[in-house]
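One structure is given here, and the rest of the page talks about it.
In the working numbering, the protein residues as written are 72 to 363.
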């Protein structure tokens, strides 16, 4: 029987929000994995950051036997903020729960700890199928936020999608399908050409030669993409949706006629069942239960 040891947060724990309360997913049945020769032990914890996970890992080292697969899935809580503190002092500087420079350091430590036990560590978000599947609920969640928080409709609205990676490509395509007027900003000429080949407009990230007359701006790049002068050029009523992991790419905006939303963890917030299914498929693929 192969051993699968899991450390992570609420998504991989199988927690979903329903009826104003949090519940464990009723389909979260690890016993079924035994039928394909996998014995799973889930030590994930709701709200866990990588620091919490490392602490749990150190207490559960006996489970990390040689040959076991140790699955890590962290990041959603690490890049979140203390919103009560931000509301109390919006002009002050604020850091996410795990500072950006600390996150990879702790992750490397957790991975090395598993290796020292003779186990095989796997970082779930690093698997290509999950990264691609996660882009879909992220894009749909971003669109939901746009509809809820903007006075403008998406149909015919000028939209800027910054970054053309997994999330940027899916989001731009879905916005285009809703008849929005989509411009993709990317640094690489090949990405801009790919966007134009699909009927989208294209611009260069940071330069924005087409101007910044947009009703919606979605950022997917975890690096600075807009300056304060560029924020000042945005249309009144513009909605900024920050999709990138901390520290993000959109600076704090002091304009009262522009709304900025930080949007971490959208798959678990808007599509928990689908997000959980994608996780499950990635786990089974890692364990060799299904062909890649």
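C-beta: ideal position from N, C-alpha, C; glycine also.
Exercise. If we ignore side chains and look at the alpha-carbon of each, how far apart do residue 180 and residue 133 end up?
Worked result: Along the chain shown, one-based indexing puts residue 180 at 109. Along the chain shown, one-based indexing puts residue 133 at 62. The alpha-carbon atoms of residue 180 and residue 133 are separated by roughly 17 Å.
Problem set entry | Alpha-carbon spacing of residue 108 relative to residue 147, whole angstroms | Position 37 of the chain shown, counting from 1, holds the residue named residue 108. Position 76 of the chain shown, counting from 1, holds the residue named residue 147. Cα to Cα, the separation comes out at about 30 Å.
Exercise. Alpha carbon to alpha carbon, how far is residue 104 from residue 277?
Worked result: Position 33 of the chain shown, counted from the first residue, corresponds to residue 104. Position 206 of the chain shown, counted from the first residue, corresponds to residue 277. Roughly 48 Å separates the two Cα atoms.
Exercise. Helix, strand or coil: how does DSSP classify residue 138 here?
Worked result: Residue 138 sits at position 67 when you count from the first residue of the chain shown. Reduced to three states, the DSSP call for residue 138 is coil.
Exercise. For residue 299, which of 283, 287, 174 has the nearest alpha-carbon?
Worked result: Here residue 299 corresponds to residue number 228 of the chain shown, with the count starting at 1. Nearest of 283, 287, 174 to residue 299, Cα basis: 283.
For this session: Count the other C-beta atoms from every protein chain shown that fall within 10 angstroms of the C-beta of residue 325, then say buried if there are 16 or more, exposed otherwise.
Result: Your numbering for residue 325 matches position 254 in the chain shown. With fewer than 16 other Cβ atoms within 10 Å, it is exposed.
For this session: For my contact list, residue 139 and residue 74 are in at a C-beta cut-off of 8 Å; report their separation, rounded to the angstrom.
Result: Counting from 1 along the chain shown, the entry for residue 139 is found at position 68. Counting from 1 along the chain shown, the entry for residue 74 is found at position 3. 4 Å between Cβ atoms; contact.
For this session: Excluding the 5 residues preceding and the 5 following residue 339 in the sequence, name in chain order all residues of the same chain whose CB lies nearer than 6 Å to its CB.
Result: Within the chain shown, the letter at position 268 stands for residue 339. Answer for residue 339: 82, 346, listed in chain order.
For this session: Below 8 Å CB to CB, which residues in the same chain sit around residue 252 once its five sequence neighbours on both sides are set aside?
Result: Here residue 252 corresponds to residue number 181 of the chain shown, with the count starting at 1. 227, 228, 229, 230, 272, listed in sequence order.
Exercise. Residue 194 by DSSP, collapsed to three states: which one?
Worked result: Looking up residue 194 in the chain shown gives position 123. Strand, per DSSP.
Problem set entry | Contact set for residue 288: own chain, Cβ-Cβ below 6 Å, skip 5 residues either direction | Walking along the chain shown from the start, residue 288 turns up at place 217. Around residue 288: 231, 311.
Problem set entry | Cα-Cα separation between residue 315 and residue 144, rounded to whole angstroms | For the purposes of this step, residue 315 is identified with residue 244 of the chain shown, where counting begins at 1. For the purposes of this step, residue 144 is identified with residue 73 of the chain shown, where counting begins at 1. When rounded, the distance between both Cα atoms is 17 Å.
For this session: May I ask you to report which of helix, strand or coil DSSP gives residue 305?
Result: Walking along the chain shown from the start, residue 305 turns up at place 234. Looking at residue 305 - three-state DSSP - the assignment turns out to be coil, as it is neither helix nor strand.
Problem set entry | Three-state class that DSSP yields for residue 148 in the structure shown | Position 77 of the chain shown, counting from 1, holds the residue named residue 148. For residue 148, the three-state secondary structure derived from DSSP is coil.
For this session: Quick one: grab the DSSP three-state call for residue 80.
Result: Indexing the chain shown from 1 puts residue 80 at position 9. If DSSP states are grouped into helix, strand and coil, residue 80 belongs with coil.
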